[in-house]
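> Numbering-wise (my numbering), the sequence shown opens with residue 1 and increments by one. The structure that follows is given in the form of structure tokens.
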Amino acid sequence: MLDNVPAAVLTVSTRCSRGERADESGPLAVRLLADLGCAVAPARVVPDGEEPVREALRAALADGARVVLTTGGTGVSPTDRTPEATGPLLERELTGVAEAVRRHGTAPGSVLSRGLVGTVGAAVVVNAPGSTGGVTDTVAVVGPLLGHILDQLDGGDH
């Protein structure tokens, strides 16, 4: 259990940011992280694109989030740029975790997600697909690892 670890959820969707579609994956991610014990505020919705996502990630990290989960923008459409926004910020990629998320996915299209998982300072950043199923699969894989990852980032023993 993560005892009040500060967390942030960013929903990446131009349609949601314009109010054209309801955000379903962000609130689910918030609930799932809270169920793990994280202290998490409501999801922040940002439009697709590298710069809005990168700015939102930087802001969440600057605000002290130790876990930042993005949902959306990991596919192959022209506006899906979340991995491109995330990659330059990561100090270390956790490629095995990202691959485990893709393998765990129950939908056939889960292998199309280009989401990254990695660390920035004492925080972990996770890109989840923008569907409720993608968020559920991502948290199912990443959730049990978060305590160990954060402990390692704090200098804990292997």
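Note that the Cβ used here is the ideal one computed from N, Cα and C, for glycine as well.
Leaving aside the five residues before and after P42 along the sequence, list all residues of the same chain whose C-beta is less than 7 Å from its C-beta, in chain order.
Once the five neighbours on either side are set aside, the close Cβ partners of P42 are V30.
> In the DSSP assignment, what residue or residues form a beta bridge with E93?
Per DSSP, G118.
> Alpha carbons only, please: which of R54, P78, P6 and G147 is nearest the one belonging to N127?
Nearest option by C-alpha distance: R54.
> On the DSSP letters alone, give me the boundaries of the alpha helix (DSSP H) that V53 sits inside.
E50 to A62 is the span of the alpha helix (DSSP H), which, as asked, contains V53.
> In the structure shown, what three-state DSSP assignment does P129 receive?
Three-state result, P129: coil.
> Along the beta strand (DSSP E) that carries V30, what are the first and last residues, could you check?
No beta strand (DSSP E) holds V30; the alpha helix (DSSP H) holding it covers S25 to D35.
> Mapping DSSP to helix, strand and coil, what is V135?
Helix at V135.
> So what's P47 in DSSP terms, helix, strand or just coil?
Of the three classes helix, strand and coil, the one that applies to P47 here is coil, per DSSP.
> Determine the burial state of V124: buried for a count of at least 16 other Cβ atoms within 10 Å of its Cβ, exposed for fewer.
By the 10 Å Cβ count, V124 comes out buried.
> For the candidate residues C16, L112, L116 and G130, whose alpha-carbon lies nearest to that of G87?
Of the candidates C16, L112, L116 and G130, the one whose C-alpha sits nearest the C-alpha of G87 is L116.
> Quick check: what's the CA-CA separation for M1 versus A59?
Going by the C-alpha atoms only, they are around 25 Å apart.
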